[in-house]
Amino acid sequence: MLDKCIWPSSSQGFSAASMVKALRRAAITVTAVNKGVQFKFCWKSEAPPRVKFFIWTALHNSISSLAFLASRGIITNGNVLCDICGEEETMNHIFIHCLFVRKIWYMVFQNLGVAWVLPYTFEEFLTQWSAIIPLGVCTKLWTTTWMIFIWEIWKCRNRRVFDNKESSVHDIVFRSFTTAVFYFKCNHPSFAYSGLDLYRNPDSILFS
Ligand SMILES: [Zn+2]
């Protein structure tokens with residue numbers, strides 16, 4: 362029997378159009394699986410349910426950024442600029458690329474002693490964070506910490522936009538580390554460190 366080439370994506374044989382369709386199908390499947398794995402990872406954290414739900418919403422690109430609201434026709438396209446740096450306020454901008462938020466992450470990663478490359482998307486960021494996860498009891502604290510940071514950054518953004526109240530980089534970093542330890546200790550009361558300890562020495566606690 363002779364071997365022959367077949368193209369399983371179309372009964373009509375190979376075509377550029379069927380190739381494009383096959384690639385799109387594969388991309389959708391991979392993205393969906395990746396999001397499922399990522400959310401499972403977050404679901405096992407010690408973050409409170411409202412934070413878990415918020416992260417789930419973010420992983421589905423449904424956070425009410427100004428760009429998102431404009432895409433739904435709720436505000437006009439002329440009102441989508443970040444009031445800090447004047448860039449379009451997308452979800453990725455709020456949590457990763459805004460000048461103010463970059464200072465927060467820079468401080469966090471500097472204190473952790475971890476070299477960091479600015480991720481492009483929220484999903485990539487979670488993948489990066491998951492990739493440097495410490496082993497042992499701190500695994501859940503690590504996940505919880507990231508989720509609480511995202512939540513605190515969102516609350517900070519809302520205070521600025523709706524109440525005209527500013528928070529400093531130090532405020533957000535301190536509040537996020539201490540809140541993460543608070544929720545973590547609810548299920549791990551024997552954890553020996555306080556929120557202040559984690560704020561002061563995150564690298565030696567998480568990676569010891
Ligand atoms: Zn900005």
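For the sequence shown, the working numbering begins at 362 and goes up steadily by one.
Glycine included, C-beta positions come from ideal geometry on N, C-alpha and C.
Distance cut-off 7 Å: residue i Cβ against heavy atoms of ligand 1
i: Leu479; result: no
i: Ile457; result: no
i: Leu460; result: yes
i: Trp445; result: It should be pointed out that residue 445 corresponds to Ile in this sequence rather than to Trp. Because some heavy atom of ligand 1 lies under 7 Å away, the Cβ of Ile445 counts as near it: yes.
i: Glu361; result: Because the chain in this structure spans residues 362 to 569, residue 361 falls outside the shown range and cannot be described.
i: His531; result: no
i: His421; result: no
i: His454; result: yes
Counted within 10 angstroms of its Cβ, other Cβ atoms place residue i as buried (16 or more) or exposed
i: Lys526; result: exposed
i: Glu448; result: exposed
i: Ile389; result: Residue confidence for Ile389 is low, a pLDDT of 43 falling below 50, so the modelled location carries little weight; the figure read from the coordinates is stated next. When all chains shown are included, Ile389 counts as exposed.
i: Ile435; result: exposed
Three-state secondary structure (DSSP) of residue i
i: Glu449; result: strand
i: Leu442; result: strand
i: Ala388; result: Annotation note: pLDDT 44 at Ala388 (below 50); position unreliable, coordinate value reported separately. Residue state, collapsed to three classes: helix.
i: Thr437; result: coil
i: Ser423; result: coil
i: Ala492; result: helix
i: Glu484; result: helix
i: Ser551; result: coil
i: Ser406; result: coil
i: Phe456; result: helix
i: Phe400; result: helix
i: Phe568; result: coil
Candidates the options: closest to residue i by CA position
i: Asn482; options: Val475, Leu473 and Cys459; result: Sequence inspection shows Thr at residue 482; the Asn mentioned does not correspond to that position. Checking every option, the nearest Cα to that of Thr482 belongs to Cys459.
i: Thr505; options: Thr539, Leu427, Glu485 and Gly474; result: Thr539
i: Phe643; options: Trp404, Trp515 and Asn548; result: Residue 643 lies beyond the stretch modelled for the chain, which goes from 362 to 569, so this question has no answer here.
i: Ala408; options: Leu420, Trp503 and Phe568; result: Trp503
i: Tyr420; options: Leu473, Phe402 and Arg463; result: It is worth fixing the name first, because residue 420 is Leu in this sequence and not Tyr. Out of Leu473, Phe402 and Arg463, Phe402 has the C-alpha closest to the C-alpha of Leu420.
i: Phe429; options: Arg463, Leu567 and Met452; result: Met452
i: Ile455; options: Ser423, Val478 and Gln471; result: Ser423
i: Trp417; options: Leu487, Cys517, Tyr467 and Ser555; result: Leu487
i: Ser551; options: Glu484, Cys446 and Cys499; result: Cys499
i: Thr437; options: Glu450, Val475 and Tyr560; result: Glu450
i: Phe535; options: Asp558, Asp444 and Tyr554; result: Asp558
i: Phe586; options: Phe415, Ser406, Lys405 and Ser426; result: This structure gives no information on residue 586, because the portion of the chain shown stretches from 362 to 569.
First and last residue of the uninterrupted alpha helix (DSSP H) at residue i
i: Ile514; result: Cys499 to Asp524
i: Gly556; result: Gly556 to Arg561
i: Leu420; result: Pro410 to Leu420
i: Leu479; result: Looking at the DSSP string, Leu479 is not in any alpha helix (DSSP H), and its letter there is neither H nor E.
i: His531; result: Val530 to Asn548
i: Lys464; result: Leu460 to Leu473
i: Ser432; result: Leu427 to Ser432
heavy atom of ligand 2 below 7 Å from residue i C-beta
i: Glu407; result: The ligand content of the structure shown is limited to ligand 1, which means ligand 2 is not among them.
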